[in-house]
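Student: Following the numbering used here, the numbering of the sequence shown begins with 908 at its first residue and continues without gaps. Beta carbons are placed, not taken as given, at the ideal position from N, Cα and C, and that holds for glycine. The structure displayed is predicted, hence computed values, not measured ones.
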Amino acid sequence: MSLKIFYKDSYCANANSIKIAADLSGAEFESVKTTKEEFTASKGDKLSLPYVEVEEQGLSETNTILRHIARLNPDSNLYGKSLYESAMIDTVLDHAYSLLEEAIKITCTALGCRSTTSADFKADKEKYVAILKELEKVLDGKDFFVGEGITIADIRVASICAYPFRLLMDPGTAKQVPNLIAHFERISANESFKKFFGTTHVAKRPIKVKFAKK
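So this is what it looks like as structure tokens:
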């Protein structure tokens, strides 16, 4: 069964998490880079990127796509080995929604594509760190969020953390989430992860961020 994965940017955490899951599941897939305009003209304005077609049927919500890919090959255990493990994976995916929102804010500010004040950035980062601390509790010192192997929960969280960890990690935050950092280093060393994110790392110091004037 072949998948067609439509995406806009090669650095997109959502799209890359889908590609990693597809690669680890053993599925055949084709990556199709497109623009928002081309995609809308082809598929209509009710769908969004990233988008996956499977046997002429389409899905356009990242967590839904990840679950579907995992279910296509149950032997991959990407959605856990039991209904209970699947439910626990869903809990992590729920956290990922909130994490993604805050990660986008602080990363875009750091890269200069979002203008905000120092106070607002500090507030955004505090929200981001609070979610990291919740995930640290869920991880609870384990190698993986659920079970004894990589699942879509691990893929999703590591994909979202790739750029903020590389650009904005600071010693204070690192001390609060040591297991999460070890988890990221473990998942990012996976060959499927490196195939789409390249070799990444956790920063020792954050980059300097320019802020808008009050």
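Would you mind stating whether Ser1095 and Ala1065 have Cβ atoms separated by less than 8 Å?
Tutor: Contact flag set, yes.
Student: When you compare only the Cα positions, how much space is there between Leu1000 and Glu935?
Tutor: Roughly 24 Å separates the two Cα atoms.
Student: Rank Ala1017, Phe1052, Lys1049, Val1036 by C-alpha distance to the C-alpha of Pro1113 and give the top, closest one.
Tutor: Among Ala1017, Phe1052, Lys1049, Val1036, the Cα nearest to that of Pro1113 is on Ala1017.
Student: Please classify His1108 as buried or exposed, where buried requires at least 16 other C-beta atoms within 10 Å of its C-beta.
Tutor: Result: exposed.
Student: From this set, Ala1030, Phe1104, Lys1111, which residue's C-alpha is nearest Ile1088's C-alpha?
Tutor: Comparing Cα-Cα distances from Ile1088 to each of Ala1030, Phe1104, Lys1111, the minimum goes to Lys1111.
Student: Which stretch, first to last residue, makes up the alpha helix (DSSP H) that contains Val1045?
Tutor: Taken as a continuous stretch (DSSP letters only), the alpha helix (DSSP H) holding Val1045 covers 1025-1046.
Student: What residue from Glu992, Tyr1035, Ala1003 has the CA that sits closest to Glu1009's CA?
Tutor: Nearest C-alpha to Glu1009: Tyr1035.
Student: Does the distance from the C-beta atom of Leu973 to that of Ile925 stay below 8 Å?
Tutor: Yes, these two residues count as a Cβ contact at 8 Å.
Student: Checking 8 Å against the spacing of the C-beta atoms, do Tyr914 and Ser938 come in under that value?
Tutor: In this structure, Ser938 lies closer than 8 Å to Tyr914 by Cβ.
Student: Using the Cβ count rule (16 or more neighbours within 10 Å means buried), how would you classify Pro1071?
Tutor: With 16 or more Cβ atoms within 10 Å of its Cβ, Pro1071 is classed as buried.
Student: Can you pull the DSSP bridge partners for Phe1104?
Tutor: None, per the DSSP bridge assignment.
Student: Got a sec, what are the start and stop residues for the alpha helix (DSSP H) Glu992 sits in?
Tutor: From DSSP, the alpha helix (DSSP H) with Glu992 extends over 990-1018.
Student: So for Lys915, helix, strand or coil by DSSP?
Tutor: Lys915 falls in the coil class under three-state DSSP.
Student: Would you mind working out which of Gln964, Lys940, Ile976, Thr947 sits nearest Ile927, comparing C-alpha positions?
Tutor: It is Ile976.
Student: So Gly1054 packs on Glu1098, CB below 8 Å; how close in whole Å?
Tutor: About 20 Å; that fails the 8 Å criterion.
Student: Regarding Asn1086 and the ligand HEM, is the C-beta to nearest heavy atom distance less than 7 Å?
Tutor: For the structure depicted, the ligand HEM is absent and the ligand set is empty, with no information on it obtainable.
Student: Would you report the Cα separation of Glu944 and Lys953, rounded to the nearest angstrom?
Tutor: Roughly 13 Å between the two C-alpha positions.
Student: Out of curiosity, what's the CA-to-CA distance linking Ala1119 and Lys1012?
Tutor: So the alpha carbons of these two residues sit roughly 14 Å apart.
Student: Short of 8 Å in beta carbon distance, which residues of its chain neighbour Asn980, apart from the five on each side in sequence? Order them along the chain.
Tutor: So the qualifying residues of the chain are Ser932, Gly933, Ala934.
Student: Quick check on the DSSP output: the beta strand (DSSP E) that includes Lys940 runs from which residue to which?
Tutor: Counting along the chain, the beta strand (DSSP E) containing Lys940 begins and ends at 935-940.
Student: Which same chain residues end up closer than 8 Å to Thr1058 when comparing Cβ atoms and leaving out the 5 residues on each side of it in sequence?
Tutor: Closer than 8 Å at the Cβ level, and outside the excluded window around Thr1058, lie Ala977, Asn984, Leu985, Tyr986, Gly987, Glu992, Ile996, Phe1051, Phe1052.
Student: What is the residue span of the beta strand (DSSP E) that Tyr958 lies within?
Tutor: It spans 958-961 - the beta strand (DSSP E) in which Tyr958 sits, taken as one unbroken run.
Student: Is Pro957 near Cys1015, with beta carbons less than 8 Å apart?
Tutor: In this structure, Cys1015 does not lie closer than 8 Å to Pro957 by Cβ.
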